[in-house]
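Data first, discussion second: the structure below is written as structure tokens.
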Amino acid sequence: MKKKAKKSSNPMWGGHYASGPAEAMQRINECIDTDKRLYLEDITASKAHASMLGDCKIISSKDAKAIINGLDVVRKEIENGNLQFTAELEDVHMNVEARLAQLIGDPAGRLHTARSRNDQVATDFRLWIRNAIDRLDEELKLLQTALIDQAETNADTIMPGFTHLQPAQPVTFGHHLLAYVEMLARDRSRFSDARARMNECPLGAAALAGTSFPINREKTSAALGFDRPMANSLDAVSDRDFAMEFLSAAGILSVHMSRLAEELVIWTSDGFRYVRLSESFTTGSSIMPQKRNPDAAELIRGKSGMVIGSLTNLLVTMKGLPLAYNKDLQETKRPAMEVADQLSLMISAMTGMIRDMKADKSRMNAATNGGFLTATDLADWLVINLNMPFRKAHHVTGGIVRIAETKGCRLDELTLDEMRKIEPKITKDAFKALNPAGAANSRKSYGGTSPSQVKKQVNNWRKSIAGESK
Ligand code: ARG
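Here the sequence shown is numbered in this note's numbering, starting from 427 and rising by one per residue.
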């Protein structure tokens, strides 16, 4: 076999190498396809670092200026599509620095004073996730708003509420939708907790041990919008718990969205037909002309698997790593970025589906006539009017349900005499309790399903979301 000519050693770190890496080594080592998405964070952090080095007189202010201006040129080149990243330079840090060197010459070589790619990548990645959280938060707010709008429209739309997917008690559709608004609010608060905890700056930790140069870490930290510099350099370069927290919150959010997606699949199915999705968020079948499939909902449900898997991916990647930096950490960026991308798509598809969907109020209402949904209300009536202990009332009602089951009729279709066979003291008044809308209306306890509660909650949500932008 002919040997290929050896490539020259890496210009950024290959001083003690006589030759370049094997092709497979280069391929396994590079991450530029993922990394190029960090270009803005990388350049922003490098500018802050250069400016601090100048202020602290570690490099001349002339060099600092040249570096900063040069980095702006690199940024523009990237944004205009005029800079080709190369895999030989492994990652975004070395690509940016190498281009800077071509542009400004010697001063570029001073940028890497008192830092390492280890603190650089930790800083860039934090900044990237911080931005991703801010974007997702805005998108989640839009999803909440779409749900709140539908909840208002459907504050008094009565439908069966389920437990075990068996008809349980009448609820309002608005109430059901507001449950997801609550879940999403907790998701947003989980992201914001993670953001607050991650907002510390690793820059200046250098390779792992800090630096002997008289740097000012407060300065770079503040310039990048962090709350403070991280207090331990080993921790700063080796942990990715901020990404794990991001993915945990993402995992929980995706579970919430997957449940809502599953409900949309159920509600649009032929047995239910509670909801109709718009043409823009469904697809037809190439063979069955009648189809209107809830693909977006199914894909949200499906993609949540990837989100959850990415959390596991990161946890497992991290679990055996000794301090400090290990190259395994390079593998943590892609899953986090993919999750941020896919989540954003999932949220916007969900927002569109919810915004456009039409509830079939009469189908929902008709469904409340089945399933003995008001059995609990009859039991409550016995408690209130006959002073019966609830356990006994439950038993008595069970007997009445049994008669209706055998007859194949609704509870309100039984005669008073039939009911009296089970409980002689029942009066005509008990029939009032059997109306599903009345039953939903009566559940006015705080957080309950009555239209009046739903309207109150809708107002609270509107105020709280409007208050956020102040
Ligand atoms: N590309 C690397 C990463 O993403 C940057 C840090 C490399 N550090 C090193 N010592 N090889 O993690």
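Think of the CB as a built atom: it goes at the ideal place given N, C-alpha and C, for glycine as much as any other residue.
query	result
Residues in the same chain with beta-carbon distance under 6 Å from T709, minus the five sequence neighbours each way, listed in chain order, please.	N719 and D721
Could you confirm whether any beta carbon from chain D is found closer than 8 Å to the beta carbon of D532?	Among the protein chains of the structure shown there is no chain D, as only one such chain exists.
Below 8 Å on the Cβ atoms is my guess for V765 versus L673; work out the distance and round it to an integer in Å.	6 Å
Which first and last residues belong to the beta strand (DSSP E) in which Q592 is found?	Q592 to T598
Given this structure, state the Cα-to-Cα distance separating I678 from L479, to the nearest angstrom.	42 Å
Hey, out of Q570, A620 and I530, whose CA is closest to A558's CA?	A620
Name the DSSP bridge partner or partners of V701?	A785
In whole angstroms, give me the CA-to-CA distance for T800 and P596.	7 Å
For R543, is the beta carbon positioned less than 7 Å from some heavy atom of the ligand ARG?	yes
Going by alpha carbons, who is nearest to L568 out of D838, A805 and L771?	L771
Considering only heavy atoms of the ligand ARG, does any lie closer than 7 Å to the CB of H475?	no
Select from F639, I641, A611 and R654 the residue whose C-alpha is nearest the C-alpha of R623.	R654
Of the residues R789, I504 and L749, which one's Cα is nearest the Cα of G697?	R789
In angstroms with no decimal places, state the Cα-to-Cα distance between K429 and N436.	Note that K429 has pLDDT 47, beneath the 50 cutoff, so the model's placement of it is unreliable and no number is given.
Please look up how many angstroms separate the CB atoms of R616 and A675, rounded, as I've assumed it's under 8 Å.	4 Å
Distance check for F668 and T571, CA to CA, integer angstroms please.	28 Å
Taking the runs of the alpha helix (DSSP H) that are 4 residues or longer, which of them lie wholly in the region 478-564?	487-505 and 518-530
Within a Cβ cutoff of 6 Å, which residues of the same chain sit near W900, ignoring the five residues on either side of it in sequence?	Absent from the structure is residue 900, since the part of the chain shown begins at 427 and ends at 896.
Excluding sequence positions up to five away, which residues of its chain have a Cβ less than 7 Å from the Cβ of V518?	I458, D461, K462, L464, Y465 and D468
For E757, which residues in the same chain have their Cβ closer than 7 Å to its Cβ, ignoring the five residues on either side in sequence?	T743
From A632 to N544, what does the alpha carbon distance come to, in whole angstroms?	7 Å
Taking the C-alpha atoms as reference points, what is the distance between K502 and A513?	20 Å
To which residues of the same chain is K870 closer than 7 Å at the C-beta, ignoring the five residues directly before and after it?	S876, S878 and Q879
Helix, strand or coil for I584? Go by DSSP, reduced to three states.	strand
Between the Cα of A548 and the Cα atoms of A856, D843, A750 and L591, which residue gives the shortest distance?	A750
Please return the same chain residues whose Cβ sits closer than 8 Å to the Cβ of G440, not counting the five positions on each side in sequence.	S434 and G446
Just how far apart, CA to CA, sit D806 and G874?	16 Å
Quick one: what's K719 bridged to in DSSP?	Strictly speaking, residue 719 in this sequence is Asn, with Lys absent from that position. Bridge partners of N719: T709.
Which residue from I504, K483, I484 and A476 puts its Cα closest to that of A492?	A476
Between T646, A534 and D481, which lies nearest to G496 when the distance is taken from Cα to Cα?	A534
For Y606, which residues of its own chain have a beta-carbon under 6 Å away from its beta-carbon, when the five flanking residues on both sides are left out?	L573 and L686
Please list, in chain order, all residues of the same chain as H821 whose beta carbon is under 6 Å from its beta carbon, the five residues on each side excluded.	none
Where does R944 fall in DSSP's three states?	Summary: the structure shown does not reach residue 944, with the chain confined to residues 427 through 896, and so no result is reported for it.
Between which residues of its own chain and N886 is the CB-CB distance below 6 Å, once the five residues before and five after are set aside?	none
When you compare only the Cα positions, how much space is there between E844 and V809?	19 Å
Residue range of the alpha helix (DSSP H) that K889 falls in?	P877 to E894
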